[in-house]
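Visitor: Quick note, the sequences are listed as chains R and F, same order.
Numbered according to the working numbering, the first sequence spans residues 1 to 252.
Numbered according to the working numbering, the second sequence spans residues 1 to 101.
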Amino acid sequence: MLASPALLAEVATVTRRAVDAWRARWGLDTLAFDVDVVPADGVAHPDVATAGAWFDASEERTPATVFWPTALSALVAGTLYPRETAESAWPASSLAAASARHVDAELQRMLREAWSVGDALVPAQGDWQLSRWQAPVKIDVLLGTDLRITALVSGLLMHRVASVPQQASRRLGALDPTVFDTLTSHAELVVGRASLPIPDLAALQVGDVIVLDARIADPLELRIQHGATTLRAAIGTTGPNRAAKIVSHLKS
Amino acid sequence: MHHVELAELQPQPSGEAPPLAHRLDLFGGVKATVTVSAGSAAVSVGELMSLKEGVVLTLDREIDAPFDVILDGRVLARGQLVAVGQSFGLRVSEICTPTPR
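(1) Whose Cβ in chain R lies nearer than 8 Å to the Cβ of VAL30 (chain F)?
(2) Roughly how many angstroms separate the alpha carbons of LEU84 (chain R) and SER99 (chain R), rounded to a whole number?
(3) Looking at the structure shown, is ALA168 (chain R) part of a helix, part of a strand, or coil, going by DSSP?
(4) Would you kindly work out how many angstroms separate the C-alpha atoms of LEU8 (chain R) and LEU72 (chain R), rounded to a whole number?
(5) Look at ALA38 (chain F) and LEU212 (chain R) and say whether their C-beta atoms are less than 7 Å apart.
(6) Under a Cβ-count criterion, where at least 16 other Cβ atoms within 10 Å of its own Cβ denotes burial, should LEU183 (chain R) be classed as buried or exposed?
(7) ARG23 (chain R) by DSSP, collapsed to three states: which one?
(8) My assumption, with CB atoms under 8 Å, is that VAL43 (chain F) sits in contact with ALA21 (chain R). Please give the rounded CB distance.
(9) Would you mind reading off the limits of the beta strand (DSSP E) that contains PRO39 (chain R)?
(10) With 7 Å as the threshold, decide whether the Cβ of LEU204 (chain R) is near any Cβ in chain F.
(11) Have a look at R:THR150, R:VAL19 and R:GLY27 and flag the residue whose alpha-carbon is nearest the alpha-carbon of PHE67 (chain R).
(12) Measuring CA to CA, which of R:ASN241, R:ILE198, R:GLU87 and R:ALA44 is closest to ALA64 (chain R)?
(13) Relative to the alpha-carbon of PHE33 (chain R), which residue among R:PRO39, R:ALA24, R:ALA40 and R:ASP41 has its alpha-carbon at the smallest distance?
(14) Would you kindly check if the distance between the Cβ of ILE139 (chain R) and the Cβ of THR15 (chain R) is under 7 Å?
(15) Using the rule of at least 16 other Cβ atoms within 10 Å of the residue's Cβ for burial, across every protein chain shown, is ILE235 (chain R) buried or exposed?
(16) Taking Cβ positions only, does GLU113 (chain R) come closer than 7 Å to chain F?
(17) Quick one: using the 10 Å Cβ neighbour count with 16 as the cut-off for buried, is SER154 (chain R) buried or exposed?
(18) Rounded to a whole number of angstroms, what is the C-alpha to C-alpha distance between ARG132 (chain R) and LEU152 (chain R)?
(19) Which residues in the same chain have their Cβ closer than 8 Å to the Cβ of ALA41 (chain F), if we skip the five residues on either side of it in sequence?
(20) For ARG232 (chain R), I'd like the list of residues in its chain whose CB is within less than 6 Å of its CB, leaving aside the five on either flank, ordered along the chain.
(21) Using DSSP's beta-bridge definition, name the partner residues of SER37 (chain F).
(22) Mapping DSSP to helix, strand and coil, what is ALA86 (chain R)?
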């Protein structure tokens, strides 16, 4: 059974919606993407030129097998936390790289949710196996200029899901990030540090001058979550208060 | 060679003053790192996630408020920011009773 044009359009729509929601959630609006959905000849993995790995979700409620390019995390890191041309890529142990891996995994999760057939529509075990790959479709999600996620999904099952808008919508609905707005953290602007022998510190008096390790011309350190995350900021004022203006990207 | 057995030690409180009490001069080789803070801003997780270049955070200190000298989370002193050559410095204007912030 071949996928109909209407079915292909449905699959393309839910895929675009998922990628768009992912971009909006993580501030990746500048990352261009395109989605192409075509009937698949079979369910064998198509040839892929780039480095990556196939993930088969046969045991889940998403009848899909997905090729995930290795370079996606680096693309996300470079988009979220741009570096100067002369700077090397974020090291794998950096907070930026760890954040990018998380955002990368979120895209995979959101796509799987978009392609999920859901609880209510899972057929009985035997039927599942028989119908799983009816009308297979091949989805290509092009991210940036040359990074491609490729997936094979069962078009027929997705067509059934698409015909139940409320359920599809519920599964596509990502957790609204505003639910975290009430959680607060503190960002502290550190002017500098000084290492002093304990006797000198104990003898500190009014009028003494402590020389700090920060140069006036350099941006200061904005510590978030007690230093777990650090940004660079310029000190200044806004209204009657002191203020910090962020001047560079995430450091860890 | 013989096997060495270590005796179990029992604390024996003595009435004498601790020999190192108030002898800070003996700790001249130990350095403590103090941090000077300009202030902080309470930010939500949503705001943190959207922080990027150019964003201005209003700190919780007025322009003329003294800067805190912090050691291990406690404010030791306060003072005014000064320039010492090319670097920042802090002229101490107040010695504080260290209390956790």
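All residues carry an ideal CB built from backbone N, CA and C; glycine is no exception.
Only a predicted model underlies this, so the values are computations on that prediction, with no experimental measurement involved.
Guide: On the basis of the supplied data:
(1) PRO197 and ILE198
(2) For clarity, residue 84 (chain R) is Glu in the given sequence; the question names Leu instead. Cα to Cα, the separation comes out at about 19 Å.
(3) Confidence in ALA168 (chain R) is poor, its pLDDT being 38 and thus under 50, which makes the residue's placement too unreliable to answer from.
(4) 25 Å
(5) no
(6) exposed
(7) helix
(8) Not quite, the Cβ-Cβ distance comes to about 24 Å (not below 8 Å), so this is no contact.
(9) 33 to 39
(10) yes
(11) R:THR150
(12) R:ALA44
(13) R:ALA24
(14) yes
(15) buried
(16) no
(17) buried
(18) With a pLDDT of 49 at ARG132 (chain R), under the threshold of 50, the predicted position of this residue should be treated as unreliable, and no value is reported.
(19) LEU57, THR58, LEU59 and ASP60
(20) PRO219, VAL247 and SER248
(21) R:VAL190 and F:ASP68
(22) coil
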